[in-house]
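Residue 11 is where the sequence shown starts when you use the working numbering, and the numbers rise one by one after that.
What follows is a single structure, written as structure tokens, with notes after it.
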Amino acid sequence: LMRNPYEDVEIESVDLEVDIVDRLRQGSIEWISLSKQQVQPGEALGLDISVQPWLGKSEVLHEDIDLPEGIDTGSLLVTVADANKYVTDKILRNPDRFRPRDIDSLLDLVDESYPNNEMYVTVSALSLGLSEFGKEMPDLPSSILRVMADHPDRGKGGFTMTEVVAEHVIVADRPISGQQRIMVEVEPSRANRLN
11 LMRNPYEDVE IESVDLEVDI VDRLRQGSIE WISLSKQQVQ PGEALGLDIS
61 VQPWLGKSEV LHEDIDLPEG IDTGSLLVTV ADANKYVTDK ILRNPDRFRP
111 RDIDSLLDLV DESYPNNEMY VTVSALSLGL SEFGKEMPDL PSSILRVMAD
161 HPDRGKGGFT MTEVVAEHVI VADRPISGQQ RIMVEVEPSR ANRLN
């Protein structure tokens with residue numbers, strides 16, 4: 011912060027909160043599974059996550075992830091990740107989001123917190139789009155994508171391949187490491203199949 015390129019800042023104080031434990035309490039994500047392989051828009055997706063504690067027995071956690079009503083039919087990618095891998099995925103999907111443009115956006119990034127005892131569930135759909143100045147614009151027509159590919163200002167953003175349709179955070183009782191992915195199919199809702 012003190013050497014940022016936007017303006018001079020003076021640090022008045024720093025507050026830290028540290029928890030120290032006398033033994034290693036670590037868990038790794040072993041596997042994930044879904045309660046079913048086909049879901050409908052607006053339905054809850056049952057997700058089981060196996061966590062292997064260090065020197066302990068595997069634990070299976072169950073979470074229900076609500077899918078939005080207006081989701082398109084097709085394949086979705088469900089990812090369960092630790093904090094580091096979650097942030098890495100966010101950077102790969104939209105690198106410009108993590109490039110501050112001024113002191114306020116730098117402070118916003120510094121304030122973001124991704125604790126290591128949280129598992130991040132992301133449900134993504136394949137969706138070609140763009141990001142510009144960190145704002146994602148998914149599911150754009152190919153004509154706009156072609157124009158932007160040749161645009162002289164294209165260095166201010168990039169192409170995105172996926173759109174996050176649902177996110178969920180699971181707080182664990184220990185630091186978590188690892189990442190697992192699984193696919194699920196979205197079928198048309200019963201009402202749409204009758205029309």
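All C-beta atoms in this analysis are idealised placements derived from N, C-alpha and C, irrespective of residue type, glycine included.
Taking a C-beta distance under 7 Å as the contact criterion, Val-90 and Tyr-124 do not qualify as a contact pair. In terms of CA proximity to Leu-34, Pro-185 leads the group Pro-185, Glu-195 and Gln-190. Arg-107 sits in a helix when the DSSP states are folded into three classes. According to the DSSP assignment, Ile-113 belongs to no beta strand (DSSP E) but to the alpha helix (DSSP H) extending over 113–121. By the Cβ neighbour-count rule, Gly-139 is buried, with 16 or more other Cβ atoms within 10 Å of its own. Val-49 places its beta carbon 7 Å or farther from that of Val-175. In the same chain as Asn-127, and ignoring 5 residues on each side of it, the C-beta atoms closer than 8 Å to its own belong to Val-181, Ala-182, Asp-183, Arg-184, Pro-185 and Ile-186, in chain order. Three or more pairs of CB atoms, one per stretch, sit closer than 8 Å, so the region 35–55 contacts the region 70–86. Asp-99 is not a Cβ neighbour of Gly-188, given a cutoff of 7 Å. When secondary structure is reduced to three states using DSSP, Leu-11 falls in the coil class, being assigned neither helix nor strand.
Taking Leu-44 as reference, the option from Thr-172, Pro-110, Thr-170 and Val-131 with the minimal CA-CA separation is Val-131. Out of Asp-25, Ser-199 and Ser-85, the CA that lies nearest to the CA of Leu-136 is found in Ser-85.
The alpha-carbon separation between Leu-71 and Glu-40 amounts to approximately 11 Å. If you draw a 10 Å sphere on the C-beta of Gly-37, you find 16 or more other C-beta atoms in it, and that means buried. Residue state for Asp-25 is assigned as coil, using DSSP reduced to three classes. By the 16-neighbour rule on beta-carbons within 10 angstroms, Val-196 is buried.
In the structure shown, Lys-67 adopts coil according to DSSP, grouped into three states. By the neighbour-count definition (other C-beta atoms within 10 Å, threshold 16), Ile-30 is an exposed residue. Burial state of Met-129 is buried, judged by a 10 Å Cβ sphere holding 16 or more other Cβ atoms.
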